[in-house]
Amino acid sequence: MSEKPVKPLKIALIGNPNSGKSTVFNQLTGLRQKTGNFPGVTVDLKEGNIRLSNGEEAVIIDFPGTYSVYPTSSDEKLVAAVLANPADAFFPDVIVYVADVTNLEKHLLLLTQLLDLGMPVILALNMSDTADTMGIKVNVSKISDEFDVPVVLVSGRTGSNINKLTAEIEKLLKNPVTWKKRPIYRLNETEKQVAETVCLNLDVDNNYRALQLAHHHKWLPFLKDNERAVLATIVQTKDFQLLRSQVDETLDRYDRFTPIVQDTIQKPPLFPNTPTDRIDAILTNKWLGPIIFFAVMMLLFQAIFDWSEYPMTWIEDLFSGLNDVILTTFPTNWFTELLTDGVLAGLAGIMVFVPQIAILFLLVTILEEVGYMARVVFMFDKFMRRFGMNGRSVVALIGGSACAVPAIMSSRTIGNWKERLITILVTPFISCSARIPVYLVLIGLAVPKVKVFWFLSAQTLVFGAMYLLGVVAALASGWVMKRWFRKKETSFLAIELPVYRMPYWKNVWLTLWEKVSAFVLGAGKIILIVSIALWALSRFGPGTAIETARVEASIKADSLHLDSVHTKDYISQRELEASWAGQMGKFIEPAIRPLGYDWKIGIALLTSFAAREVFTGTLAVLYNMGSSESEINDRSDNAAKATLRDKLRREKFRDTGGPVYSLATALSLLVFYALAMQCMSTLAVVRRETGSWKWPTIQFFFMSGLAYLCAWVVYVLFS
Amino acid sequence: MMQRRYRSILDLKIKESAKALAISDSELACKLTAMGVLPGTMVELVRHSPFGSAYYVKVDGIRFALRAEEAASILLEV
Numbered sequence: 002m003s004e005k006p007v008k009p010l011k012i013a014l015i016g017n018p019n020s021g022k023s024t025v026f027n028q029l030t031g032l033r034q035k036t037g038n039f040p041g042v043t044v045d046l047k048e049g050n051i052r053l054s055n056g057e058e059a060v061i062i063d064f065p066g067t068y069s070v071y072p073t074s075s076d077e078k079l080v081a082a083v084l085a086n087p088a089d090a091f092f093p094d095v096i097v098y099v100a101d102v103t104n105l106e107k108h109l110l111l112l113t114q115l116l117d118l119g120m121p122v123i124l125a126l127n128m129s130d131t132a133d134t135m136g137i138k139v140n141v142s143k144i145s146d147e148f149d150v151p152v153v154l155v156s157g158r159t160g161s162n163i164n165k166l167t168a169e170i171e172k173l174l175k176n177p178v179t180w181k182k183r184p185i186y187r188l189n190e191t192e193k194q195v196a197e198t199v200c201l202n203l204d205v206d207n208n209y210r211a212l213q214l215a216h217h218h219k220w221l222p223f224l225k226d227n228e229r230a231v232l233a234t235i236v237q238t239k240d241f242q243l244l245r246s247q248v249d250e251t252l253d254r255y256d257r258f259t260p261i262v263q264d265t266i267q268k269p270p271l272f273p274n275t276p277t278d279r280i281d282a283i284l285t286n287k288w289l290g291p292i293i294f295f296a297v298m299m300l301l302f303q304a305i306f307d308w309s310e311y312p313m314t315w316i317e318d319l320f321s322g323l324n325d326v327i328l329t330t331f332p333t334n335w336f337t338e339l340l341t342d343g344v345l346a347g348l349a350g351i352m353v354f355v356p357q358i359a360i361l362f363l364l365v366t367i368l369e370e371v372g373y374m375a376r377v378v379f380m381f382d383k384f385m386r387r388f389g390m391n392g393r394s395v396v397a398l399i400g401g402s403a404c405a406v407p408a409i410m411s412s413r414t415i416g417n418w419k420e421r422l423i424t425i426l427v428t429p430f431i432s433c434s435a436r437i438p439v440y441l442v443l444i445g446l447a448v449p450k451v452k453v454f455w456f457l458s459a460q461t462l463v464f465g466a467m468y469l470l471g472v473v474a475a476l477a478s479g480w481v482m483k484r485w486f487r488k489k490e491t492s493f494l495a496i497e498l499p500v501y502r503m504p505y506w507k508n509v510w511l512t513l514w515e516k517v518s519a520f521v522l523g524a525g526k527i528i529l530i531v532s533i534a535l536w537a538l539s540r541f542g543p544g545t546a547i548e549t550a551r552v553e554a555s556i557k558a559d560s561l562h563l564d565s566v567h568t569k570d571y572i573s574q575r576e577l578e579a580s581w582a583g584q585m586g587k588f589i590e591p592a593i594r595p596l597g598y599d600w601k602i603g604i605a606l607l608t609s610f611a612a613r614e615v616f617t618g619t620l621a622v623l624y625n626m627g628s629s630e631s632e633i634n635d636r637s638d639n640a641a642k643a644t645l646r647d648k649l650r651r652e653k654f655r656d657t658g659g660p661v662y663s664l665a666t667a668l669s670l671l672v673f674y675a676l677a678m679q680c681m682s683t684l685a686v687v688r689r690e691t692g693s694w695k696w697p698t699i700q701f702f703f704m705s706g707l708a709y710l711c712a713w714v715v716y717v718l719f720s
Numbered sequence: 262m263m264q265r266r267y268r269s270i271l272d273l274k275i276k277e278s279a280k281a282l283a284i285s286d287s288e289l290a291c292k293l294t295a296m297g298v299l300p301g302t303m304v305e306l307v308r309h310s311p312f313g314s315a316y317y318v319k320v321d322g323i324r325f326a327l328r329a330e331e332a333a334s335i336l337l338e339v
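Chains U and D, in that order, give the protein sequences.
This note's numbering applies: residue 2 is where the first sequence begins, and numbers increase by one.
This note's numbering applies: residue 262 is where the second sequence begins, and numbers increase by one.
Structure, rendered in structure tokens:
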């Protein structure tokens with residue numbers, strides 16, 4: 002499954018969703034954790050290190066929250082697959098099973114399954130702090146006796162007894178006992194026959210693991226074809242009813258551990274009307290619920306833009322300052338240009354989005370930690386299913402208005418693969434922050450400054466319409482894909498709505514750190530490479546084309562008596578034309594002419610492929626702006642934009658002599674930029690999340706094709 | 262009309278509870294039992310979702326959201 006070097010000691014953290022597992026993980030590892038990126042696996046696992054008292058390092062792997070070894074989502078399948086295969090790279094030496102002590106009667110099913118698999122297990126009874134305040138009494142030593150495992154009562158939030166847990170882990174690592182007075186669940190006659198036959202044929206030494214192979218023979222990734230065939234034959238000849246057996250086993254296990262829980266845990270009677278009930282009466286109310294949700298989303302949206310403005314300006318200033326320092330201290334040559342126009346421009350392109358991504362993740366993580374997201378899933382499941390998605394997709398789509406990259410990463414919580422895939426494919430339709438500068442320039446050009454209603458200007462309306470276009474495109478393509486992807490896979494809503502809790506800040510900061518660094522390192526690498534490549538393409542041309550263009554342009558500039566600034570711009574424009582990028586723009590001109598674009602817009606389209614925000618900068622250079630790219634990118638400098646607009650207004654087609662930037666062309670460009678896939682980082686993250694280049698390729702052609710078609714229709718309608 | 266031996270969450274009024282007897286669909290049974298929705302426990306309907314077709318229920322004090330198909334598969338005592 003993975004080519005990772007074999008680590009000496011592996012500790013698995015396993016438990017139900019909402020058991021507070023990740024909080025315990027954070028307590029055990031702190032910042033010494035990372036999200037592994039394992040080839041061929043769509044689910045990332047977090048790993049962390051702990052140092053044992055003898056100086057040895059052990060790896061802790063945080064497995065996805067799981068209810069049972071009978072999986073219903075890709076997350077749970079991963080856990081079942083690892084536990085069924087002792088040769089797996091993740092197969093643990095020791096398991097720390099985390100259970101919510103306030104809900105123990107629902108949290109022990111998987112523990113009994115792990116014990117029957119013969120795994121060395123420590124039971125960590127989490128949330129001891131909540132249990133204390135609720136007045137729950139726990140007889141730890143009796144639980145330990147009954148299950149014959151070490152038991153530690155811990156609190157991930159307060160950190161209480163975490164060192165005791167570490168000590169138990171160490172003890173068990175040194176002496177990995179598996180308890181022989183098992184199994185907890187006794188196989189029935191058919192199951193026994195199946196398990197024994199599997200043991201004989203496939204060399205398995207644990208009856209329950211053998212039974213697992215039979216249960217999961219259809220999908221377990223590590224099975225060889227002949228093994229799968231043998232298992233299928235065994236299942237068939239023994240007439241082994243998989244689902245029936247799984248349900249019966251589950252119920253039998255509950256019958257065995259429920260009395261133990263009742264014997265060892267003393268709970269005060271439940272209050273009928275807890276704070277969670279009172280909050281949910283408002284937050285999930287039939288009418289108020291959606292209204293509050295939209296209000297929360299507007300706030301989130303507002304925060305992303307408002308709070309990020311200053312840090313974004315600082316980052317821009319920092320990079321333009323660095324740029325100046327390099328320009329003044331280094332000699333003017335190609336290497337300095339590569340540093341400033343390639344590397345620095347690329348780095349700035351990554352870093353400038355970090356504030357928005359950080360704020361988005363901060364707020365979304367808080368909503369998640371508090372328990373609100375599960376309620377959103379409940380409220381919007383039906384609505385999103387009409388469009389081939391899941392309640393969870395709302396979260397990704399909203400996130401897409403800042404940046405599609407983290408939004409796509411947040412779709413991991415969707416269990417059903419088809420619904421998750423559709424969410425990944427349509428999220429980039431939502432207008433992200435990188436489209437804003439493009440919209441500003443084009444709307445200013447095409448839409449007159451008139452008031453439509455008493456306070457709304459036509460320009461504002463078009464701006465809003467661009468966002469609406471994105472939402473409509475996302476939902477409509479979801480609707481189409483739902484019918485297109487025929488694969489039928491059971492889809493579940495069935496989700497636990499956890500008790501509302503205050504966010505645990507250590508979790509929030511660690512998640513934030515993890516997401517932001519994943520963006521900078523992962524997607525950032527791609528942006529950097531592409532911007533260096535773009536720099537090279539526009540800096541160099543075939544043969545001596547650039548030199549020839551420079552000489553010709555300076556002669557022409559002389560004859561036109563241009564001043565020094567205009568001469569410089571004129572030369573750089575001619576150079577760009579002669580470069581590889583310029584050649585490419587001219588090459589694609591016939592293809593984009595039906596949309597009303599000339600070759601210069603063609604270059605802008607090509608440079609925008611890597612990142613759409615390059616558009617305004619490219620146009621600034623192309624249209625002889627007399628100002629640097631940074632001035633145009635500076636959103637506060639409206640004057641620069643106005644000049645660009647004036648220049649664009651005066652542009653004429655070479656053949657017809659008509660204006661290039663008619664209303665039709667500008668609207669057509671707007672629609673194109675709203676719908677087209679012009680973001681290398683998004684494609685890179687889609688590849689990472691889907692595990693192959695197949696889906697990003699389809700996404701690229703689907704989105705860009707749709708953009709071309711719609712832009713053409715708009716151009717024809719308005720010209 | 263034949264008298265019905267079971268009803269489901271879809272038949273419950275808000276705040277009404279009934280004892281779960283069984284789960285009719287085995288795939289759903291596998292998922293729901295693993296989550297702790299067990300025959301013999303009391304199921305209370307708390308509210309309907311805003312766009313319909315989803316149910317907020319309480320089982321043994323634990324809150325769940327279920328789709329109509331999931332809710333319908335839980336057979337309740339009449």
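Where is the CB? At the ideal position from N, CA and C, for every residue including glycine.
Note that this is a predicted model, so its numbers are computed, not measured.
ask   = Any Cβ of chain U within less than 8 Å of the Cβ of Ile-323 of chain D?
value = Translated into positions along the second sequence, residue 323 of chain D becomes position 62. True, the Cβ-Cβ gap to chain U drops below 8 Å.
message = If the criterion is Cβ atoms closer than 8 Å, does the pair Ala-403 of chain U and Ile-358 of chain U meet it?
response = Position 402 of the first sequence holds residue 403 of chain U. Position 357 of the first sequence holds residue 358 of chain U. Result yes, Cβ atoms of Ala-403 of chain U and Ile-358 of chain U sit closer than 8 Å.
ask   = Which residue's Cα is closest to the Cα of Arg-245 of chain U: D:Lys-292, D:Gly-301 and D:Ala-315?
value = In the first sequence, counting from the first residue as 1, residue 245 of chain U sits at position 244. With distances taken between Cα atoms, Arg-245 of chain U lies closest to D:Lys-292.
query = Among U:Ala-550, U:Pro-591, U:Asp-599 and U:Asp-564, which residue has its Cα nearest to the Cα of Leu-577 of chain U?
reply = Taking the first sequence and counting its residues from 1, one reaches residue 577 of chain U at position 576. With distances taken between Cα atoms, Leu-577 of chain U lies closest to U:Ala-550.
ask   = Cβ of Val-248 of chain U within 8 Å of Cβ of Ile-367 of chain U?
value = Along the first sequence, read from residue 1 onward, the residue named residue 248 of chain U stands at position 247. Along the first sequence, read from residue 1 onward, the residue named residue 367 of chain U stands at position 366. The answer is no: Cβ separation not under 8 Å.
key: Complete runs of the alpha helix (DSSP H) confined to the region 651-708 of chain U [at least 4 residues]   = 664-676 and 681-691
ask   = Just the Cα atoms here: how many angstroms apart are Ile-62 of chain U and Ser-278 of chain D?
value = Your numbering for residue 62 of chain U matches position 61 in the first sequence. Your numbering for residue 278 of chain D matches position 17 in the second sequence. Those two C-alpha atoms are separated by around 41 Å.
key: Whole-number beta carbon distance between Phe-325 of chain D and Ile-496 of chain U, since they are thought to touch under 8 Å   = Position 495 of the first sequence, counted from the first residue, corresponds to residue 496 of chain U. Position 64 of the second sequence, counted from the first residue, corresponds to residue 325 of chain D. Confirmed, Cβ separation roughly 7 Å.
task = Using three-state DSSP, classify Gly-160 of chain U as helix, strand or coil.
result = In the first sequence, the residue the question calls residue 160 of chain U occupies position 159. DSSP places Gly-160 of chain U in coil when its eight states are reduced to three.
task = State the DSSP-derived secondary structure class of Asn-27 of chain U, mapped to helix, strand or coil.
result = To locate residue 27 of chain U, count along the first sequence from 1; it is residue 26. Residue state, collapsed to three classes: helix.
ask   = Using CA coordinates, which residue listed in U:Gln-263, U:Ala-475 and U:Lys-193 is at the minimum distance from Ala-241 of chain U?
value = Within the first sequence, numbered from 1, the residue matching residue 241 of chain U stands at position 240. Reading the sequence as shown, one finds Phe at residue 241 of chain U and not Ala. That would be U:Lys-193, whose Cα lies nearest to the Cα of Phe-241 of chain U.
request  = Indicate the three-state DSSP secondary structure (helix, strand or coil) for Ala-1 of chain U in the structure shown.
outcome  = Chain U is shown only over 2 to 720; residue 1 of chain U falls outside these bounds and no answer can be derived.
query = Helix, strand or coil for His-218 of chain U per DSSP?
reply = Stepping through the first sequence from its first residue, residue 218 of chain U is reached at position 217. DSSP places His-218 of chain U in coil when its eight states are reduced to three.
ask   = Comparing alpha-carbon positions, which option in U:Ile-444, U:Lys-268 and U:Thr-330 lies nearest Leu-649 of chain U?
value = Counting from 1 along the first sequence, the entry for residue 649 of chain U is found at position 648. Of the candidates U:Ile-444, U:Lys-268 and U:Thr-330, the one whose C-alpha sits nearest the C-alpha of Leu-649 of chain U is U:Ile-444.
query = Got a sec: is the Cβ-Cβ distance from Tyr-267 of chain D to anything in chain U below 8 Å?
reply = Here residue 267 of chain D corresponds to residue number 6 of the second sequence, with the count starting at 1. With 8 Å as the cut-off, Tyr-267 of chain D does not count as an interface residue toward chain U.
query = Near Asn-38 of chain U, which residues of its chain fall below 6 Å by C-beta distance, leaving aside the five closest residues on each side in sequence?
reply = Stepping through the first sequence from its first residue, residue 38 of chain U is reached at position 37. Here the model assigns Asn-38 of chain U a pLDDT of 43, short of 50, so the residue's position is not dependable and the matter cannot be decided.
message = Under 8 Å, Cβ to Cβ, is there at least one residue of chain U near Leu-299 of chain D?
response = The count along the second sequence starts at 1 and reaches residue 299 of chain D at position 38. True, the Cβ-Cβ gap to chain U drops below 8 Å.
message = DSSP three-state label for His-567 of chain U, please.
response = Within the first sequence, numbered from 1, the residue matching residue 567 of chain U stands at position 566. If DSSP states are grouped into helix, strand and coil, His-567 of chain U belongs with the helices.
message = Rounded to whole angstroms, what is the Cα-Cα separation between Ile-335 of chain D and Ser-269 of chain D?
response = Residue numbering aside, residue 335 of chain D sits at position 74 when the second sequence is read from its first letter. Residue numbering aside, residue 269 of chain D sits at position 8 when the second sequence is read from its first letter. If you take the alpha carbons of Ile-335 of chain D and Ser-269 of chain D, they lie about 6 Å apart.
inquiry  = Less than 8 Å between C-beta atoms, sequence neighbours within five positions excluded: which residues of the same chain meet that for Leu-289 of chain U?
reply    = As a first step, residue 289 of chain U is located in the first sequence; it is residue number 288 there, counting from the start. Correct list, in chain order: Ile-283.
message = Counting only C-beta atoms, is Met-296 of chain D closer than 8 Å to chain U at any point?
response = Here the question's residue 296 of chain D lines up with position 35 in the second sequence. Yes, because at least one Cβ of chain U sits closer than 8 Å to the Cβ of Met-296 of chain D.
query = Taking the continuous alpha helix (DSSP H) assigned at Phe-381 of chain U, which residues delimit it?
reply = Position 380 of the first sequence, counting from 1, holds the residue named residue 381 of chain U. Segment 373-386, the alpha helix (DSSP H) holding Phe-381 of chain U.
message = Assess contact between the region 559-566 of chain U and the region 607-617 of chain U, defined as three or more Cβ pairs (one per stretch) separated by less than 8 Å. Is contact present?
response = no
query = Is Gly-343 of chain U near Trp-536 of chain U, with beta carbons less than 8 Å apart?
reply = Reading the first sequence from its first residue, position 342 is the one you call residue 343 of chain U. Reading the first sequence from its first residue, position 535 is the one you call residue 536 of chain U. Yes, these two residues count as a Cβ contact at 8 Å.
key: the region 384-404 of chain U in contact with the region 479-496 of chain U per 3-pair CB rule at 8 Å   = yes
message = Contact between the region 376-385 of chain U and the region 333-349 of chain U is defined here as three or more beta-carbon pairs at a separation below 8 Å; is this criterion met?
response = no
query = Using CA coordinates, which residue listed in U:Arg-689, U:Tyr-716, U:Trp-696 and U:Phe-702 is at the minimum distance from Leu-671 of chain U?
reply = Taking the first sequence and counting its residues from 1, one reaches residue 671 of chain U at position 670. Taking only the C-alpha atoms, the option nearest Leu-671 of chain U is U:Tyr-716.
request  = Provide the residue(s) that pair with Asp-101 of chain U in DSSP beta bridges, ordered along the chain.
outcome  = For the purposes of this step, residue 101 of chain U is taken as the residue at position 100 of the first sequence. Per DSSP, U:Asn-127.
Selection from U:Arg-52, U:Ala-59, U:Val-70 and U:Ala-675 that minimises the alpha carbon distance to Ser-434 of chain U = As a working mapping, residue 434 of chain U is identified with position 433 in the first sequence. Answer by Cα proximity: U:Ala-675.
Residue span of the beta strand (DSSP E) that contains Met-303 of chain D, given as start and end = On the second sequence, position 42 is the one that residue 303 of chain D refers to. Run containing Met-303 of chain D: 303-309, per the beta strand (DSSP E) assignment.
task = May I ask you to verify whether the region 452-469 of chain U touches the region 703-713 of chain U, counting CB pairs closer than 8 Å and requiring at least 3?
result = no
inquiry  = Need the endpoints of the alpha helix (DSSP H) that Arg-551 of chain U sits in, please.
reply    = Translated into the one-based positions of the first sequence, residue 551 of chain U becomes position 550. Run containing Arg-551 of chain U: 546-561, per the alpha helix (DSSP H) assignment.
query = Are the region 219-233 of chain U and the region 132-139 of chain U touching by the rule of at least three beta carbon pairs closer than 8 Å?
reply = no
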